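**Student:**
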Amino acid sequence: MKFGIYPGCSLTGSARDYNESVFALAEAFGLEFTQVPDWNCCGATAAHNLNKELSLALPARILALAEKNGLEEIIVPCAACYSRLVVTRHELKKDPELKNRISEVIEMDYRGTSKILNVIEWIDKYITPKLDEKLVKPFNYKVACYYGCLLVRPNKVLGYDRAEDPQTMDIVMRKIGAETIDYPSKTECCGAGLSISRTDIVSKLSGKIIEDAEHRGADAIIVACPMCHSNLDMRRPDINKYWKTDFKIPVLFVTQAIGLAIGLSPEKVGLKRHFVEVKIS
Amino acid sequence: MARIGVFVCHCGENISATVDCGKVAETIGKLKHVAYSTDYKYMCSDPGQTIIKDAIKEHNLTGVVVSACSPRMHEPTFRKACAEGGLNPFLCEMANLREHCSWVHEKNDLTTEKAIDIVRSQVEKVKLNSALQPIKVPVTRTALVIGGGIAGIQSALDIANCGHKVVMVERSPSIGGHMSQLSETFPTLDCSQCILTPRMVEVAQHPNITLYTYAEIESVEGFIGNFKVKIRKKAKSLDEKICTGCGLCTTKCPQKKIPNEFEQGMGMRPAIYIPFPQAVPNRPVIDREHCTYYIKGKCKVCEIVCPTKAIRFDQPDEILELEIGAIVVSTGFDIKHADFFPEYGYGKYKDIIDGLQFERLASASGPTTGAILRPSDGQVPKNIVFIACAGSRDPAKGIAYCSKICCMYTAKHAMLYKHKVHEGKAHVFYMDIRSGGKNYDEFVRRAIEEDHVNYIRGRVSTIYERDGKLIVKGVDTLLGAQPVEIVADMVVLATAGIASSGAEELAQKLHVSYDSHKFFAEAHPKLKPVETNTAGIFLAGACQNPKDIPDTVSQASGAAVKVAALFSQSELTREPLVAAVNRSGPPMYSTCVGCFLCQSVCPYQAIEREDFKTRDGKIIKTVAKINEGLCQGCGTCVALCRSKSIDLQGYSNNQVYAEVVALLNEY
Amino acid sequence: MSDFEPKVVAFVCNWCTYAGADLTGTSRIKYASNVKIIRFPCTGRIDFMLLLKAFANGADGIIVSGCHPNDCHYTSGNFHAKRRWIMFKELMDFMGVDMNRITFSWVSAAEGAKWADVVNTTVTRLREMGPYVSYRDLVNKSVEEEVKNE
Amino acid sequence: MAHSEHHTENNSLASNIEKSVEVKAQKCYQCGKCSAGCPVADEMDFPPSMVMRLLQTETPENDEKILRSHSIWLCVTCEMCLSRCPMEIDIPSMMDFLRQKSRSEKKVNKKAKNIIAFHKSFLNSIRFTGRLYELGLILDYKRQSLNMTQDISLAPKMISRGKLHFIPTIIKGTAQIGRIFKKTSN
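Chains as they are written, first to last, in numbering that gives the first Met the number 0: chain H, 0 to 280; chain W, 0 to 666; chain B, 0 to 149; chain G, 0 to 185.
(1) Quick one: does M93 of chain G have its CB under 8 Å from some CB of chain W?
(2) Counting pairs of beta carbons, one from the segment 88-107 of chain H and one from the segment 216-230 of chain H, are three or more of them closer than 8 Å?
(3) Within 8 Å (strictly less), CB to CB, does P40 of chain B reach chain W?
(4) Pick helix, strand or coil for C8 of chain H, following the three-state DSSP scheme.
(5) Leaving aside the five residues before and after A111 of chain G along the sequence, list all residues of the same chain whose C-beta is less than 7 Å from its C-beta, in chain order.
(6) Mapping the DSSP letters down to three states, classify S14 of chain G as helix, strand or coil.
(7) Of the residues W:G244, W:I625, W:I323 and W:C405, which one's Cα is nearest the Cα of P186 of chain W?
(8) Would you verify that the beta carbon of H6 of chain G is, or is not, closer than 8 Å to some beta carbon of chain H?
(9) Roughly how many angstroms separate the alpha carbons of L30 of chain H and K129 of chain H, rounded to a whole number?
(10) Note down, in chain order, every chain W residue with its Cβ under 7 Å from the Cβ of R161 of chain H.
(11) What in chain G is Cβ-close to K267 of chain H, meaning under 7 Å?
(12) Name the two residues that bound the continuous alpha helix (DSSP H) containing M167 of chain W.
(13) Give the residues of chain A in contact with Q29 of chain G, contact being defined as C-beta atoms less than 7 Å apart.
(14) For the pair the segment 78-95 of chain B and the segment 18-34 of chain B, tell me if three or more CB-CB distances fall below 8 Å.
(15) Is it true that the segment 5-24 of chain W meets the segment 114-134 of chain W, where meeting means three or more beta-carbon pairs spaced less than 8 Å apart?
(16) Expressed to the nearest angstrom, what Euclidean distance is found between the alpha-carbon atoms of G258 of chain H and H214 of chain H?
(17) Roughly how far, in whole angstroms, is the beta-carbon of K299 of chain W from the beta-carbon of Y293 of chain W, given that I think they are within contact range, below 8 Å?
(18) Taking C-alpha atoms, which residue in W:V529, W:S460, W:W102 and W:T621 lies nearest to I485 of chain W?
(19) Provide the residue(s) that pair with D610 of chain W in DSSP beta bridges, ordered along the chain.
(20) Inspect the CB distances between the segment 483-501 of chain W and the segment 520-535 of chain W and report whether three or more fall short of 8 Å.
(21) Just confirm the distance between the C-beta atoms of R458 of chain W and G31 of chain G, as a whole number of angstroms; I'd bet it's less than 8 Å.
(22) Taking Cβ positions, are A340 of chain H and P249 of chain H nearer each other than 8 Å?
(23) Where does E103 of chain H sit, in a helix, a strand or coil, going by DSSP?
(24) Taking C-beta to C-beta, are D333 of chain W and I174 of chain W nearer than 8 Å?
(25) Is H2 of chain G helix, strand or coil when you go by DSSP?
(26) Helix, strand or coil: how does DSSP classify M0 of chain B here?
(27) Report the rounded CA-to-CA distance for H271 of chain W versus K227 of chain W, giving the unit in angstroms.
(28) Excluding the five sequence neighbours on either side, which residues of its own chain have a C-beta within less than 7 Å of the C-beta of M0 of chain G, listed in chain order?
(29) Is L53 of chain H buried or exposed, if buried means 16 or more other CB atoms sit within 10 Å of its CB?
(30) On the DSSP bridge list, what partners appear for V328 of chain W?
(31) So, does the CB of F79 of chain G fall closer than 8 Å to a CB anywhere in chain H?
(32) If S642 of chain W and C591 of chain W are in contact, beta carbons under 8 Å, what's the gap, nearest whole angstrom?
(33) Checking 8 Å against the spacing of the C-beta atoms, do K546 of chain W and K411 of chain W come in under that value?
(34) Excluding the 5 residues preceding and the 5 following A256 of chain H in the sequence, name in chain order all residues of the same chain whose CB lies nearer than 8 Å to its CB.
(35) Which residue or residues does DSSP assign as beta-bridge partners of T102 of chain B?
(36) Indicate the three-state DSSP secondary structure (helix, strand or coil) for N117 of chain H in the structure shown.
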């Protein structure tokens, strides 16, 4: 089985660990990816903050490339990219005139036929059915699944899980043996794209999430978004400085947790690249 | 030759503000066969009607078109005026220039042109009208009241006290409705059960009222004065005549873990139960869904302990068929439950309750005998939050309307809490305080000024649990959206009032209209608030929209008067707008081919067979014949008839065709 | 085509859509004045041949509207209408009558705003479609030809 | 709809928003649920519900306040407001519009300098290579924001973990990306 994958910029750089774990999982389950050829950045927060048309054109080019190369299904591990792609498809479907204008801008035909899967949807569809037979090291930890914003909102557009207290990631984590906690910060914002420009805000918001998870006894926070990961992991020194704390709770990508549970090494799933030491293995 | 009179009404300025009424009258006056055409400020007024009556005589009119408001509003008025002027009332038609023209379009030439077209089509139609005689039908002087809450109780008592028979049908085992669950009522804080219970008993004892509890409406057929109603009396699994209501069975029933509906799930009840101590009738029923005997085939403890041997396990449901003259619908309302609110935890936190649950907590007969205690651990909440507009005025959740009662009962709840927990703190999140009503706003002010309830203007964004407390996050919009975070022990949601479950199915059985929220629709928002679109069926209480007790009781009495007025006559006259199969003689002839397809589509079984016979009695042909007493004039048979042998009086093929042609062609 | 204003006839039942249109008026919701309403007791009464008469007489579009399924004042008239409508539609489609010119909808007595919406969308669509001359030509031509043949 | 035809065309910010992103400010009934759920509301000069209220007044003074506000730049587009708004008002789309309007009218709040610098650096990076070049982004942002010392300890750690590349990946379609930027730049 061959899927398209749109890794997005983070996965080639600051979220290499995420990338490694996604590919390691695919390999372990005999799944093969085809990268969307010559893909570009989706524009992320910057584009829609400064230029609406650009924020639609960049994802449209990606989707058009996927269509052109016959990729009927593309998995988008980065929640931010996923959100931009789905929102773009929604906007262009809603407004045929806009669709024509964007097609002209990207100099490509855009029809909006490719199916877009986020990482949990991909896991649900292709990993979960064969998970039981591969499970060798149950992930016996108490975890806080952190969905953030972009995986579940705007709910009416994404049509994925439920906006308040989503469950899909919890279900996957319970399948590999984890105990998932109920905590209100599940879909609170980590500060997102303000990481560099307003580190103070990111430290504040991410700190609240970490405190909530630790307070309720979680051993790890599980994420599915490179931006959330970098804010909760890479920004940990800033967070601890801001809140005058010493939070040590590790932050794992959901794919890393599954990887460990099926017996992949910590190196293989990129755990060594984390800032906060992961004592779980 | 036809001599038509046309009367164009200005309706004050309601029509003339956008339609040039003078021009309409003038243009129509030039039409062939229009003998008289005029316009006047208020056609429905006394002088207006006199103009019509005089013109009928003076111009020897053979037909009248009143161009004014909707015929649904004033057709009876003008038909009566015509009759008084000496013209058969069915030779009068109305052109709807107000609701369908002046009120919905801008002022311009097109609007006036449309008005002219509408009037012209009615002129062409009325030319083809024929003089008809009203049909007389008898009235069964028995009323059916559906729903035994305070609305139904009031209606039933009022009708019964007028000397008419009433049948009351209540689907739960006792009458009393939501009012019987309430603790104290605003704005007087008098005990709800104390004022309700005597009325419940009065219903049970009234010689004119027959009460069927644990019963539902199966079907309704017929029409005003002559409904045929089937009622399903669900098996109570006991013989009510023998049962003394001692209640021994209810104490001995081994199945005791069924959430108690009356306590809003905050207590448990056995499978054989009396819903509450003051229930009317005070007899138990067996809840077969939860009864061990019906599930596993053995137990029968109740049968063994019953001193009068009243238990009947094999009792079947009973279907009653009743002749009814008028119906009052008083099926009440439900409320949304806490699980409707994702942002408040989908109902997963035990200490987030709804308004009715709080009523039960505050009620002396409730699960805590009136103490305000947290459902989770039975502790007295020191800090309590009330959230108004929970679900109401929330289009995103599908409920755009204001539930009307919540502002008042929230103030009452906060007040009751403060009266019972003096050292406690009560906070109310609200958007607006809607306290219109006698002594209502004074009541809310009392909560704020005397009981120091902390009113915060803002909607709560989210509630979550932390260390056994509920964290309520909102803002104070009067302080520039300043964040407010309350660490609460208990939260009460003033959840939206919604239509009672099963309202839609009932409306369909009754053929009455209902709105998109499944509330029953009144015939006119202002002038017919108690009537439905179906003659002989009236509304009382919260089945129409959420209402408080005084409003409900007023409307219930209103509905009762409508029924009493109907029952004051022994016969009703009905519009003769019924179908007819053509006949011509001699000796007799009809184009009907006798296929009787019409019979299969008629919803009223109004189509009979008639034999044409020779002088010596030999049948030549069998054709369809309409029973005028049964026909309601829907016209489905007309559209279906292949040989065009049936026509509908008032909406004949020729009339409708003339309307279409006149609407589309200027001449 | 921008100046073209279609002539639209609406065949509605008394109990739901006529009352709904009354409510549109009572609520003062504005809509296009191209539509003129003919009242029937029930959609079950509507003989669809009337629709063809309306087209022949110059209608550019037609709205047929009654009670929602299960809400019929006469229990089942709207179901009979719907069934006949399905047959009629197939037949007319086959014969080349443009079925896009006919709107079939349910508008209840409580849906004043919906009525305005039904009218406005129908009129907007018909404005784009232009006048229905092809049907009128067809009718007139056949009459002329028949006369000639005689 | 038909009622509003009576009003004269006005050029208030609210009517501009309605025309461009179909968000109707008058729908807001000031319940404050957006502000209560907004993660950055306490950093803002005007929390979301206050922005809505300012818009509703349709006065030039209040329109000006919004375009010059810090709030519109602090909004992180987490969509919580829209997700919980009882009136389903699309505040995030409105914020995107306001940011663009604020920039095009040169009314950007001074405190938002760094935020915009970051966004600009981000777009610059993809404009020339097609993908985000994180090291380039950081360097460009430092140049624009003059925050030379910020995150000075982060980069070496990132490099040691293989999370920062020295050489950008350049896609084949850079010319096309350039044209996309150009065509959408108005």
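Ideal Cβ positions, reconstructed from N, Cα and C, are used throughout, including at glycine.
Predicted model only: the values in this text are computed from it and were never measured.
**Tutor:** Quick answer:
(1) Not one chain W Cβ lies under 8 Å of M93 of chain G.
(2) Proximity of the segment 88-107 of chain H to the segment 216-230 of chain H falls short of the contact definition, fewer than three beta-carbon pairs being nearer than 8 Å.
(3) Output row for P40 of chain B: interface = yes.
(4) C8 of chain H carries a helical assignment under DSSP once its states are collapsed to helix, strand and coil.
(5) Within the same chain, and ignoring the five residues on either side of A111 of chain G in sequence, the residues whose Cβ sits closer than 7 Å to its Cβ are H69 and W72.
(6) Looking at S14 of chain G - three-state DSSP - the assignment turns out to be helix.
(7) Ranking W:G244, W:I625, W:I323 and W:C405 by Cα distance to P186 of chain W puts W:C405 first.
(8) Only weak support exists for where H6 of chain G lies, its pLDDT of 46 falling under 50; the coordinates are left without a value.
(9) So the two alpha carbons sit approximately 12 Å from each other.
(10) The answer, in chain order, is P341.
(11) None at all; the shortest Cβ gap to chain G is about 14 Å.
(12) M167 of chain W: not part of any alpha helix (DSSP H); member of the beta strand (DSSP E) spanning K164 to V168, first to last residue.
(13) As a matter of chain content, chain A is missing from the structure shown, whose protein chains are H, W, B and G.
(14) Flag = no, the segment 78-95 of chain B and the segment 18-34 of chain B do not touch.
(15) At 8 Å Cβ cutoff, the stretches touch.
(16) Each residue's alpha carbon lies about 27 Å from the other.
(17) Not confirmed; about 11 Å, so no contact.
(18) Of W:V529, W:S460, W:W102 and W:T621, the residue nearest in Cα terms is W:S460.
(19) According to DSSP, which records beta bridges pairwise, D610 of chain W is partnered with W:T621.
(20) No, they do not touch.
(21) Yes, they are in contact, since the Cβ atoms of R458 of chain W and G31 of chain G sit about 6 Å apart, within 8 Å.
(22) This structure gives no information on residue 340 of chain H, because the portion of chain H shown stretches from 0 to 280.
(23) Three-state result, E103 of chain H: helix.
(24) Result no, Cβ atoms of D333 of chain W and I174 of chain W do not sit closer than 8 Å.
(25) Bear in mind that a pLDDT of 44 at H2 of chain G, under 50, signals an unreliable position, so the number given afterwards is only what the model happens to contain. Residue state for H2 of chain G is assigned as helix, using DSSP reduced to three classes.
(26) In this predicted model, M0 of chain B has a pLDDT of only 42, less than 50, meaning its place in the structure is not dependable; the value taken from the coordinates is given anyway. M0 of chain B carries a coil assignment under DSSP once its states are collapsed to helix, strand and coil.
(27) Sequence inspection shows Ile at residue 271 of chain W; the His mentioned does not correspond to that position. Their backbone Cα atoms lie some 33 Å apart in a straight line.
(28) Because M0 of chain G carries a pLDDT of 41, less than 50, the predicted location of this residue cannot be relied on, and no value is offered for it.
(29) Buried.
(30) Answer by DSSP bridge pairing, in chain order: W:I145 and W:L538.
(31) The question names Phe, but residue 79 of chain G is Met in the sequence shown. Chain H, which has a Cβ nearer than 8 Å to the Cβ of M79 of chain G, makes this yes.
(32) Yes, they are in contact, since the Cβ atoms of S642 of chain W and C591 of chain W sit about 6 Å apart, within 8 Å.
(33) No; because the gap between Cβ atoms is not below 8 Å, this pair is not in contact.
(34) Hits under 8 Å: F138, V142, M172, I175, A177, A219 and I221.
(35) T102 of chain B is bridged to B:I62.
(36) N117 of chain H: strand per DSSP, three-state reduction.
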